[in-house]
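Going line by line, the protein sequences match chains A and B.
Sequence positions in the first sequence follow the working numbering and run 1 to 235.
Sequence positions in the second sequence follow the working numbering and run 1001 to 1235.
No residue lacks a Cβ here, since even glycine has one placed at the ideal position from N, Cα and C.
First comes the structure, then the notes that go with it.
Number of protein chains: 2
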Amino acid sequence: MNPRSDSVTTAEPTSGPDSDASASGRSRGRPPVPKERIVATALKIVDEEGADALSLRVLAQRLDSSTATLYRHFSNRAELINHLIDHTFGGVPVQAAELRSLGWEDACRAMATWMFENLRSHPNIAPLLLAQAPTGPNAMALREVALQVLLDDGFSPRVAIRCYATLARFVLGFAIQLNGEETEDAALAEALRNSGEDNLPATSAVAAFGPVPLDDEFSFGLDLLLTGLAQQRSR
Amino acid sequence: MNPRSDSVTTAEPTSGPDSDASASGRSRGRPPVPKERIVATALKIVDEEGADALSLRVLAQRLDSSTATLYRHFSNRAELINHLIDHTFGGVPVQAAELRSLGWEDACRAMATWMFENLRSHPNIAPLLLAQAPTGPNAMALREVALQVLLDDGFSPRVAIRCYATLARFVLGFAIQLNGEETEDAALAEALRNSGEDNLPATSAVAAFGPVPLDDEFSFGLDLLLTGLAQQRSR
DNA sequence: ACCTGAACACCGTTCAAGT
DNA sequence: ACCTGAACACCGTTCAAGT
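Given below as structure tokens:
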């Protein structure tokens, strides 16, 4: 019943040869298709074919199983997706000590950038992230390190949680929009091209500096946030 | 073929009494169910019952029409949604002259806040916004005024488009996450409550200042961005 | 005990058939 | 010319029936 007791990151216990379970006649309670393999396969489908392609039928088929069997491991599609999302935050272990040596500003930049790059390598995950913000164990571990750094550097608890909340929201907001970057840029590029005959002089005057890549917007915005924070702190 | 020629904002031409069209035997080419009514009804469904509830069957039913008829006005669901999104940006006409008198910093804050509040009043629109960034006529008009203000205050074209792109992305990123605010806050609140026994001391130390409302994150972040921009500009 | 095919109530989209 | 019911190929979820 307690969702925390069922850790997403727990790897399947190594069980020797693959055929172990099927060779045994006794039912030992462990399902032949472990959660970790379901989640990994689901993420693979999302990466390769997009979030819309992740149907339980397709997933079951890839696992040589059936949809009804998936409901034995996850009570519904949303729960599967929550595990999938936290899986994304487990790519690289957070090096707490190293980050603390950087000081809050560089540490925050490093963590925000790492988080963004991590989500960047699974751009199709965006629509799934909307369903619920990441509160799985991996996401919480990242939050813990960030808060440690901020508290260490003298931020008050009230300000520290505010800073992390805003930074995390910023990263997620930009990462979510990674989704159809090419499509959006194409649409905006056309709108910019048409700005001349559309009676939009200012837009037309800057159109040559064309759609700004989302990466640039992200690092530009992140720098502004941290500069603003440093400035506000010095007062 | 040119998408711009089919303006979203064009209201149905006033045609006297409602029964006018049905009374006339001649076909004058204008469809009995005007686009504007389709879009408004679709937005109403989204507002009242969420984006998932917007199916073409339900929409057709509310309009006393059929799904196939909708395909006469929109070539697919995506096109309907694009119109729906730009409709959202047409709530209040942008007062260009007034904004220019504020100076770039306050003008940017006012526009970003207005945009956010506008999207805030249609929180269920979030999942739809992911499909494509707003490039409809209303969105472009807003962009035009913002760029005017920035250029007026001496920002270079290169920096001006960068600033607007980043600010708009920031607003959209936060607005998109307005979606399930309560649900997310509840999940985070539980994770914070559990941080004590989960071996997350820093998280536990700030937990009392509990989930930060998204509104606060937004205005905090916006202030940081503008402060950072002013600071970077003075160098 | 665990798994499965088939069912149920939905989708977006298309098309032959009506008026 | 415009509209419509019904079809097609999908969904997530559930359940009786198999082994």
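Residue closest to residue i, alpha-carbon to alpha-carbon, out of the options
| i | options | result |
| --- | --- | --- |
| Arg1162 (chain B) | A:Arg57, A:Gln232, A:Ser219 | A:Ser219 |
| Met140 (chain A) | B:Asn1124, B:Asp1106, B:Ala1189 | B:Ala1189 |
| Thr183 (chain A) | B:Ala1165, B:Leu1099, B:Pro1134, B:Val1145 | B:Pro1134 |
| Cys1051 (chain B) | B:Gly1180, B:Asn1124, B:Asp1153 | Here the sequence assigns Ala to residue 1051 (chain B), which means Cys is not the residue at that position. Answer by Cα proximity: B:Asn1124. |
| Gln1232 (chain B) | A:Ser234, A:Leu226, A:Arg235, A:Arg233 | A:Leu226 |
| Asn138 (chain A) | A:Ala126, A:Val94, A:Val206, A:Arg193 | A:Val94 |
| Asn1179 (chain B) | B:Leu1119, B:Arg1109, B:Met1111 | B:Leu1119 |
| Gln1132 (chain B) | B:Phe1174, B:Gln1061, B:Ala1078 | B:Ala1078 |
| Ala1207 (chain B) | A:Leu130, A:His73, A:Trp104, A:Tyr164 | A:Tyr164 |
| Ser234 (chain A) | A:Ala175, A:Asp106, A:Phe155 | A:Phe155 |
| Leu1147 (chain B) | B:Ala1126, B:Arg1193, B:Ser1075, B:Trp1104 | B:Trp1104 |
| Gly1090 (chain B) | B:Pro1211, B:Arg1143, B:Phe1209, B:Thr1067 | B:Arg1143 |
| Ala168 (chain A) | B:Ser1065, B:Ala1096, B:Val1212, B:Ser1075 | B:Val1212 |
| Asn76 (chain A) | A:Ser55, A:Leu102, A:Asp106, A:Pro157 | A:Ser55 |
| Ser1195 (chain B) | A:Asp106, A:Leu224, A:Val145 | A:Val145 |
| Phe116 (chain A) | A:Glu181, A:Phe170, A:Asp106 | A:Phe170 |
| Leu130 (chain A) | B:Glu1181, B:Thr1067, B:Cys1108 | B:Glu1181 |
Whole-angstrom distance between residue j and residue i, CA atom to CA atom
| i | j | result |
| --- | --- | --- |
| Val8 (chain A) | Gly136 (chain A) | Bear in mind that the predicted position of Val8 (chain A) carries a pLDDT of just 38, short of 50, making it unreliable; the figure below should be weighed with that in mind. Cα-Cα distance, rounded: 8 Å. |
| Ala1202 (chain B) | Asp1216 (chain B) | 22 Å |
| Asp153 (chain A) | Val159 (chain A) | 12 Å |
| Ser121 (chain A) | Pro1034 (chain B) | 43 Å |
| Asp185 (chain A) | Pro1157 (chain B) | 18 Å |
| Asn199 (chain A) | Phe1074 (chain B) | 26 Å |
| Arg1193 (chain B) | Ala1053 (chain B) | 34 Å |
| Ala97 (chain A) | Gly1210 (chain B) | 26 Å |
| Arg1037 (chain B) | Asp1064 (chain B) | 12 Å |
| Glu48 (chain A) | Glu1197 (chain B) | 38 Å |
| Ala1107 (chain B) | Ala1068 (chain B) | 45 Å |
| Ser1066 (chain B) | Arg1057 (chain B) | 7 Å |
| Ser1024 (chain B) | Ala1187 (chain B) | Residue placement at Ser1024 (chain B) cannot be trusted, given a pLDDT of 32 that sits under 50; the coordinates are not used to answer. |
Test item: CB-CB of residue i and residue j under 8 Å
| i | j | result |
| --- | --- | --- |
| Gln177 (chain A) | Leu1229 (chain B) | no |
| Val39 (chain A) | His87 (chain A) | yes |
| Leu1070 (chain B) | Leu1059 (chain B) | yes |
| Gly1221 (chain B) | Thr166 (chain A) | yes |
| Ile81 (chain A) | Leu43 (chain A) | no |
| Ala205 (chain A) | Leu1151 (chain B) | yes |
| Ala1110 (chain B) | Ala1175 (chain B) | no |
| Val149 (chain A) | Leu214 (chain A) | no |
| Thr1041 (chain B) | Arg1072 (chain B) | no |
| Leu1102 (chain B) | Leu224 (chain A) | no |
DSSP-derived helix/strand/coil call for residue i
| i | result |
| --- | --- |
| Val1212 (chain B) | coil |
| Phe1089 (chain B) | coil |
| Ala1131 (chain B) | coil |
| Asn124 (chain A) | helix |
| Gly1136 (chain B) | coil |
| Gln95 (chain A) | coil |
| Pro1157 (chain B) | helix |
| Asn76 (chain A) | coil |
| Ser55 (chain A) | coil |
| Arg235 (chain A) | coil |
| Asp64 (chain A) | coil |
| Ser101 (chain A) | coil |
| Gly50 (chain A) | coil |
| Ser1219 (chain B) | helix |
| Ala1141 (chain B) | helix |
| Gly1228 (chain B) | helix |
What alpha helix (DSSP H) runs, 4 residues minimum, are completely inside the region 165-203 of chain A? 181-193
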